[in-house]
Amino acid sequence: MNDPSGHRPGRDPAAEPPDARIAALLRAAAALAPDAAAFASDPRAAAETALAVAAAELAALRAYRERTERQMEELFNTITAYAALEYDRRAVVLDDNDELINAMAIGLNMMGEELSHTMKALVRARDEALAASRAKSAFLANISHELRTPLNAIIGYAEIIREDLVETGQDALTLDVDRLQVASRHLLNLIQDVLDLARIEAGRVDVRLETTDLRTLLQELQTTLAPSVKDAGNVLHARVQVSRPQILTDPLRLQQILLNILGNANKFTVGGDITLSAGDHVEHGRDFVDITVADTGIGIPADKLETIFDAFTQVDETSTRRFGGTGLGLAISRRLCDLLGGSIVVTSELRRGSTFRVRLPVDGPERHR
Ligand code: ADP
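Okay, so the sequence shown: first residue is 859 according to our numbering, each after it adds one.
Set out below in structure tokens:
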């Protein structure tokens, strides 16, 4: 493409219009011109076309920018809306949590206060109960002593009267005096039991530990019980097989425990067998003796097996009427076993018989060792 002046347009400084700005505009228009030949033939029209194209492109660009801006704004709005929502949601969750935490804190505080009130009330009630229990036990211990003295006098005088009656040949009257004595002795036993229990509960019973020969102790018990066992038509068997017969215990208390369960076995068995056995037992490396008293008597219902160890508890009133007793013997025996560092348990089958097992540490209660 040739310039009419012989120069290539835009290359010849002489052909350049004086105004540099117009020249630049023309250069730009020439560059934009779709057809360089048309520009050469009619630069003005070509420039206008180029300008129109540029204007259209600019308009398109502006539209594009506006659209983009709108889209961006929409996007921004969406994002901010979402962010706001999310924020609200979290705020709600946080608020909820706050409320929950506050409610829990208030609840916990209330519970704490309630607990502390309850604890104080309980401690007060316990102290009062302990004081009342000590007062009751002290009262029982004193009153029992006061009752025993005149009772012993009654029994003693009844004995003298009985001897006098026999001496003066009024034997028929001795029957009444015998009844008086039996009743008094029963009352005395009852008082003795109440006194024992009261003293144990008041913590006033000390165990006196001494090395005790178990074989001798069991032998003496058999001798003591022989007459009443015979009276009930029972037979007492003994099986003692212990490797350490010398045990550290309170012999009087052990005697009291065994007399009670042997006495019960004899009381609730008629024309049957009572077996007293002793054997070794080792638990956690410690040596124990197991002393069991098994009878073939009336047995104990399963639901009464534990309650019979409660004070004043008997299996049923009819048996009490039939067999007598206070319902205190086993309660005392269990507490005494505890004091000796041992235990007492029972197994039984109705109409088949019962087995009581006393387990005692050979070397005495743990706290004494
Ligand atoms: P008590 O014999 O003076 O009534 P205990 O505390 O010694 O009091 O015994 C409580 C109850 O346990 C008895 O009244 C009796 O019902 C039951 N019991 C104890 N030993 C036996 C036994 N060997 N056979 C059947 N019942 C028994």
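Yeah, the Cβ is synthetic: ideal placement off N, Cα and C, and Gly gets one too.
All of these numbers come straight from a predicted model, not from anything done at the bench.
Checklist entry - By Cβ distance below 8 Å, which residues in the same chain neighbour P1103 in space, the five residues on each side in sequence not counted? => result Position 245 of the sequence shown holds residue 1103. For P1103, same chain residues with a beta-carbon under 8 Å away, outside a window of 5 residues either side, are D1071, L1072, R1073 in chain order.
Checklist entry - If you draw a straight line from the alpha carbon of A1084 to that of I1132, how long is it in whole angstroms? => result By one-based count along the sequence shown, residue 1084 stands at place 226. By one-based count along the sequence shown, residue 1132 stands at place 274. Looking at the backbone, the Cα of A1084 and that of I1132 are separated by about 11 Å.
Next on the checklist: Looking at the secondary structure, which residues open and close the alpha helix (DSSP H) in which H1044 lies?
Outcome noted: As a working note, residue 1044 is residue 186 in the sequence shown. Per DSSP, H1044 belongs to the alpha helix (DSSP H) from 1032-1059.
Checklist entry - Quick check: the segment 1032-1046 against the segment 1152-1172, are there 3 or more CB pairs under 8 Å? => result Touching, no.
Next on the checklist: Rounding to the nearest angstrom, what Cα-Cα distance links A1189 and E1164 in this structure?
Outcome noted: What you label residue 1189 is simply residue 331 of the sequence shown in a count that begins at 1. What you label residue 1164 is simply residue 306 of the sequence shown in a count that begins at 1. Roughly 10 Å between the two C-alpha positions.
Next on the checklist: With H, G and I counted as helix, E and B as strand and the rest as coil, what does DSSP make of D1221?
Outcome noted: Walking along the sequence shown from the start, residue 1221 turns up at place 363. Note: D1221 maps to coil in three-state DSSP.
Checklist entry - From what residue to what residue does the beta strand (DSSP E) around V1147 run? => result For the purposes of this step, residue 1147 is taken as residue 289 along the sequence shown, with counting starting at 1. First-last of the beta strand (DSSP E) with V1147: 1144-1153.
Checklist entry - Touch check for the segment 1209-1216 and the segment 1144-1156: three-plus C-beta pairs under 8 Å? => result Touching, per the Cβ criterion.
Checklist entry - Apart from the five residues just before and just after L1009, which ones in its own chain have a Cβ nearer than 8 Å to its Cβ? => result On the sequence shown, residue 1009 is found 151 positions in, with the first residue counted as 1. Excluding sequence neighbours, L1009 sits near S1042, L1045, L1046, I1049.
Next on the checklist: Let me check understanding here. Comparing Cα to Cα, which of N1122, F1146, T976, H1142 lies closest to G1199?
Outcome noted: Here residue 1199 refers to the residue found at position 341 of the sequence shown. Ranking the options by Cα distance to G1199, first place goes to F1146.
Next on the checklist: Could you tell me the alpha carbon to alpha carbon distance between Q1114 and G1121, rounded to whole angstroms?
Outcome noted: For this step, residue 1114 is matched to residue 256 along the sequence shown. For this step, residue 1121 is matched to residue 263 along the sequence shown. Whole-angstrom Cα-Cα distance: 10 Å.
Checklist entry - Going by beta carbon distance, what residues of the same chain come within less than 8 Å of E1017, once the five residues before and after it are set aside? => result In the sequence shown, residue 1017 corresponds to position 159, counting from 1. The answer, listed in chain order, is Q1039.
Next on the checklist: I need the straight-line Cα distance from I1158 to P1109, nearest angstrom please.
Outcome noted: For the purposes of this step, residue 1158 is identified with residue 300 of the sequence shown, where counting begins at 1. For the purposes of this step, residue 1109 is identified with residue 251 of the sequence shown, where counting begins at 1. Looking at the backbone, the Cα of I1158 and that of P1109 are separated by about 28 Å.
Checklist entry - Among D1221, Q1077, V1204, which has the Cα closest to the Cα of R1144? => result Along the sequence shown, read from residue 1 onward, the residue named residue 1144 stands at position 286. When only C-alpha atoms are compared, the closest one is D1221.
Next on the checklist: Following a CB-centred definition, is G1155 positioned closer than 7 Å to any heavy atom of the ligand ADP?
Outcome noted: Walking along the sequence shown from the start, residue 1155 turns up at place 297. G1155 Cβ: within cutoff of the ligand ADP.
Checklist entry - Quick one, are the C-beta atoms of I1058 and R1193 less than 8 Å apart? => result Start at 1 with the first residue of the sequence shown, and residue 1058 comes out as number 200. Start at 1 with the first residue of the sequence shown, and residue 1193 comes out as number 335. Cβ atoms of I1058 and R1193: closer than 8 Å.
Next on the checklist: Rounded to the nearest angstrom, what separates N935 and A963 at their Cα positions?
Outcome noted: The sequence position of residue 935 within the sequence shown is 77, counting from 1. The sequence position of residue 963 within the sequence shown is 105, counting from 1. Looking at the two C-alpha atoms, the distance is approximately 40 Å.
Checklist entry - Per DSSP, T1107 is paired with what? => result To locate residue 1107, count along the sequence shown from 1; it is residue 249. BP columns for T1107 point to E1068.
Item to check | Whole runs of the alpha helix (DSSP H) within the segment 964-1019, excluding any shorter than 4 residues | outcome: Within the segment 964-1019, no complete alpha helix (DSSP H) run reaches 4 residues.
Checklist entry - Any heavy atom of the ligand ADP closer than 7 Å to the Cβ of L1188? => result In the sequence shown, counting from the first residue as 1, residue 1188 sits at position 330. Taken from the Cβ of L1188, at least one heavy atom of the ligand ADP lies inside 7 Å.
Checklist entry - Candidates D985, S1135, T1205, N967: which alpha carbon is nearest K1162's? => result One-based indexing of the sequence shown puts residue 1162 at position 304. When each option's Cα is compared against that of K1162, the closest is T1205.
Checklist entry - How should N967 be labelled, buried or exposed, when 16 other C-beta atoms within 10 angstroms of its C-beta is the threshold for buried? => result Counting from one through the sequence shown, the residue named residue 967 turns up at place 109. Result: exposed.
Checklist entry - Under 8 Å between the Cβ atoms of Q1080 and L1134? => result Taking the sequence shown and counting its residues from 1, the one referred to as residue 1080 is at position 222. Taking the sequence shown and counting its residues from 1, the one referred to as residue 1134 is at position 276. Pairing Q1080 with L1134 gives a Cβ-Cβ distance under 8 Å.
Next on the checklist: Can you tell me whether S1135 is helix, strand or coil according to DSSP?
Outcome noted: What you label residue 1135 is simply residue 277 of the sequence shown in a count that begins at 1. Correct three-state label for S1135: strand.
Checklist entry - CB-CB under 7 Å to L1055, same chain, minus the five flanking residues each way: which ones, in chain order? => result Looking up residue 1055 in the sequence shown gives position 197. These residues qualify, in order along the chain: A1169, L1186, A1189, I1190.
Item to check | Residue interval of the alpha helix (DSSP H) (run including A1189) | outcome: Against the sequence shown, residue 1189 aligns to sequence position 331. In this chain, the alpha helix (DSSP H) harbouring A1189 covers 1187-1197.
Checklist entry - Just the Cα atoms here: how many angstroms apart are D1089 and L1033? => result Working through the sequence shown from its first residue, we reach residue 1089 at position 231. Working through the sequence shown from its first residue, we reach residue 1033 at position 175. Approximately 19 Å, taken between the alpha carbons.
Item to check | Option in E927, L1197, S899, E924 with minimal Cα separation from V1063 | outcome: Here the question's residue 1063 lines up with position 205 in the sequence shown. Just measuring C-alpha positions, the residue of E927, L1197, S899, E924 sitting nearest V1063 is L1197.
Next on the checklist: Taking 8 Å as the limit between beta carbons, can you name the residues of its chain near I1013, skipping five residues before and five after?
Outcome noted: On the sequence shown, position 155 is the one that residue 1013 refers to. Excluding sequence neighbours, I1013 sits near Q1039, S1042, R1043, L1046.
Checklist entry - Cβ of S1086 within 8 Å of Cβ of N1118? => result As a working note, residue 1086 is residue 228 in the sequence shown. As a working note, residue 1118 is residue 260 in the sequence shown. In this structure, N1118 does not lie closer than 8 Å to S1086 by Cβ.
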